[in-house]
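Engineer: For reference, the structure I am asking about is given below.
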Amino acid sequence: MNDRRSFLKSASAMVAGASLFGAGAGTAYVDERRRTSLPKVDIVLPKVGRERMLRTTVGLRPHRPIGFRLEAEKIDGRTIVHNYGHGGSGWSLSWGTGHLAADMIDATGETDVAVLGCGVVGLAAARLLQRRGKNITIYAKDLPPRVTSNYASAAWTPTATLCDPSMISPEFKALFEQSARLAHRYWNDMINLPGYGVHHASAIRFRNQGEQTATAGALAQRDPSFYGNVISDLTPKSVELTPEQHGLPYEFATMSTNLRYEVPTYLHATLRDVAFHGGRITIREFQSLDDVLSLPEKAIVNCLGIGAKQVCKDEPLVPIRGQLTILAPQPEMKYGIGFEGFSSTPRYDGVTIGNTMIMGEWSTVPDQKESFRVVDGFRELLDKMTHPA
Numbered sequence: 065m066n067d068r069r070s071f072l073k074s075a076s077a078m079v080a081g082a083s084l085f086g087a088g089a090g091t092a093y094v095d096e097r098r099r100t101s102l103p104k105v106d107i108v109l110p111k112v113g114r115e116r117m118l119r120t121t122v123g124l125r126p127h128r129p130i131g132f133r134l135e136a137e138k139i140d141g142r143t144i145v146h147n148y149g150h151g152g153s154g155w156s157l158s159w160g161t162g163h164l165a166a167d168m169i170d171a172t173g174e175t176d177v178a179v180l181g182c183g184v185v186g187l188a189a190a191r192l193l194q195r196r197g198k199n200i201t202i203y204a205k206d207l208p209p210r211v212t213s214n215y216a217s218a219a220w221t222p223t224a225t226l227c228d229p230s231m232i233s234p235e236f237k238a239l240f241e242q243s244a245r246l247a248h249r250y251w252n253d254m255i256n257l258p259g260y261g262v263h264h265a266s267a268i269r270f271r272n273q274g275e276q277t278a279t280a281g282a283l284a285q286r287d288p289s290f291y292g293n294v295i296s297d298l299t300p301k302s303v304e305l306t307p308e309q310h311g312l313p314y315e316f317a318t319m320s321t322n323l324r325y326e327v328p329t330y331l332h333a334t335l336r337d338v339a340f341h342g343g344r345i346t347i348r349e350f351q352s353l354d355d356v357l358s359l360p361e362k363a364i365v366n367c368l369g370i371g372a373k374q375v376c377k378d379e380p381l382v383p384i385r386g387q388l389t390i391l392a393p394q395p396e397m398k399y400g401i402g403f404e405g406f407s408s409t410p411r412y413d414g415v416t417i418g419n420t421m422i423m424g425e426w427s428t429v430p431d432q433k434e435s436f437r438v439v440d441g442f443r444e445l446l447d448k449m450t451h452p453a
């Protein structure tokens, strides 16, 4: 129990920083020549208030303490490639584990392939298989936007609630690195490609003396054995800003740049691509492995996410409940902003705030009290900052 609490504390810090900085980020890079030569940063603060609330969303991250499952299983003449359990790292790793899953499908020699699930992991696997000439049918109980992936903050966070660092094996660490490097290559091919919503964005986290930056980079600095260190080169270094440059009442500010994904835009575009390239989509819910084995395809990629717990009887798989509140869009916001436990991220469809993490919680009903707590607390902090007594 103590180990789990310790992991949750570390993972919570990673989630808190992930929406702004990206898990695996390096430590702040301080080049005094650059620091003193940077112009003043044009910061637009978020407009926060209950009157700006558009919606609150809840998603269940599929977390396995031992890491995601990526392996081929042969049952009754069929090959099932399991590709699920990425925690809060599904967006980041989807193209990497999808690539490796496609390799396993290639080894079967089959051309007709079933993909279970239509979230970000299933869609990436389907497109990669299509690129290899496979005939794809996606089987899913829901399509975007009614999938868990639609409720993510969505940034390059390849270690966010991915696993319990104390439980991973050397083999998983190597698999993680391979998946992350493959995924990063695919995502970089999509940067600023029209219609997909994949781009770089910057964020600034403010703090005063004694406050620890809640990023995976800070965690990595404290723990040199942190498995995310093997991909630290995939995230640009951070830059420290002076109070004169940022103009807010904080002693320190760290600005970093990271890959971001515009959630509705990307999911819609990728689902459209699957259909355009001949993919078929069948609405179907699976209750057991027998349901999966009843499919006509002999090659299957299982991207069911949290649904795999029941279908595969995967005991290690648990949900981590996350809640986001989306405020009215602010196109003038150039940077994500974070301070004193609050963070905001501008997206095309709105400004997201909050990013809770509750291990083992299955409810997908939004907690209005929590939304109001975050909104009211953030607004009070902003009011104090802009109108000091």
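Each residue of the sequence shown is one higher than the one before, starting from 65 at the first, in my numbering. Glycine included, every Cβ here is placed at the ideal spot set by N, Cα and C. Predicted, not measured: the structure shown is a model, and the values here were computed from it.
Return the chain-ordered list of same chain residues with a C-beta closer than 6 Å to the C-beta of H146, the five sequence neighbours on each side being excluded.
Structural biologist: Same-chain partners within the cutoff: R133, E135 and N366.
Engineer: DSSP three-state label for S266, please.
Structural biologist: Look at S266 here: in three-state DSSP terms it is strand.
Engineer: As an exercise, report each continuous beta strand (DSSP E) stretch of at least 3 residues that is fully enclosed by the stretch 370-441, in chain order.
Structural biologist: Restricted to the stretch 370-441, the beta strand (DSSP E) segments that are unbroken, complete and at least 3 residues in length are 382-391, 399-403, 406-411 and 414-417, listed in chain order.
Engineer: Determine, using beta carbons only, whether V327 and N214 come nearer to each other than 8 Å.
Structural biologist: yes
Engineer: Which one of Q432, K111, Q394 and L257 has the shortest CA to CA distance from P410?
Structural biologist: Q394
Engineer: What are the boundary residues of the alpha helix (DSSP H) that P103 is part of?
Structural biologist: Boundaries for P103: no alpha helix (DSSP H) harbours it, and the DSSP string shows neither H nor E there.
Engineer: Can you tell which of P360, G261 and Y260 has its C-alpha closest to the C-alpha of I144?
Structural biologist: P360
Engineer: Tell me, to the nearest whole angstrom, how far the beta carbon of W426 is from that of L124; I am working on the premise that it is less than 8 Å.
Structural biologist: 7 Å
Engineer: Which residues in the same chain have their Cβ closer than 7 Å to the Cβ of P380, if we skip the five residues on either side of it in sequence?
Structural biologist: R128, P129 and I130
Engineer: List the endpoints of the continuous beta strand (DSSP E) containing R336.
Structural biologist: Counting along the chain, no beta strand (DSSP E) covers R336; the unbroken alpha helix (DSSP H) around it starts and ends at V327 to F340.
Engineer: Look at A189 and A166 and say whether their C-beta atoms are less than 8 Å apart.
Structural biologist: With respect to A166, A189 sits close: the two C-beta atoms are nearer than 8 Å.
Engineer: Can you grab the Cα-Cα spacing for the pair R271 / F316, in whole Å?
Structural biologist: 5 Å
Engineer: Could you please give the first and the last residue of the uninterrupted alpha helix (DSSP H) stretch that includes S158?
Structural biologist: G154 to D170
Engineer: Please check the pair L180 and I364, which I expect to be a contact at CB under 8 Å, by giving their CB distance rounded to whole angstroms.
Structural biologist: 7 Å
Engineer: Do S435 and P110 have their C-beta atoms closer together than 8 Å?
Structural biologist: no
Engineer: Can you check DSSP and say which residues form a bridge with F316?
Structural biologist: R271
Engineer: Beta carbon of Y314, beta carbon of I232: below 8 Å?
Structural biologist: No, these two residues do not count as a Cβ contact at 8 Å.
Engineer: I'd like the list of long-range same chain contacts for V262, defined as Cβ closer than 8 Å, with 5 residues on each side in sequence excluded.
Structural biologist: Leaving aside the five residues that flank V262 on each side, the residues in its chain whose CB is nearer than 8 Å to its CB run, in chain order, W251, M254, I255, N256, L323, R324, Y325, E326 and Y330.
Engineer: Locate the alpha helix (DSSP H) running through S233, then write down its first and last residues.
Structural biologist: It is not in any alpha helix (DSSP H) - S233 carries neither H nor E in the DSSP assignment.
Engineer: For the candidate residues R249, P307, A339 and A216, whose alpha-carbon lies nearest to that of T420?
Structural biologist: The residue among R249, P307, A339 and A216 with its C-alpha nearest the C-alpha of T420 is A216.
Engineer: Could you check whether K198 and T175 sit closer than 8 Å to each other, using their CB atoms as the reference points?
Structural biologist: yes
Engineer: Can you list, in chain order, the residues of its chain with a C-beta nearer than 6 Å to that of K104? Leave out the 5 residues immediately preceding and following it.
Structural biologist: Q309
Engineer: So, under 8 Å CB-CB, T318 and I268 are touching, yes? Tell me the CB distance rounded to an integer number of Å.
Structural biologist: Right, the Cβ-Cβ distance comes to about 7 Å (below 8 Å), so this counts as a contact.
Engineer: Looking at the unbroken beta strand (DSSP E) that takes in V179, where does it start and where does it end?
Structural biologist: D176 to L180
Engineer: Which whole-angstrom value is the C-beta distance of V185 and H150, which I expect to be below 8 Å?
Structural biologist: Yes, V185 and H150 are in contact; Cβ-Cβ is about 6 Å, under 8 Å.
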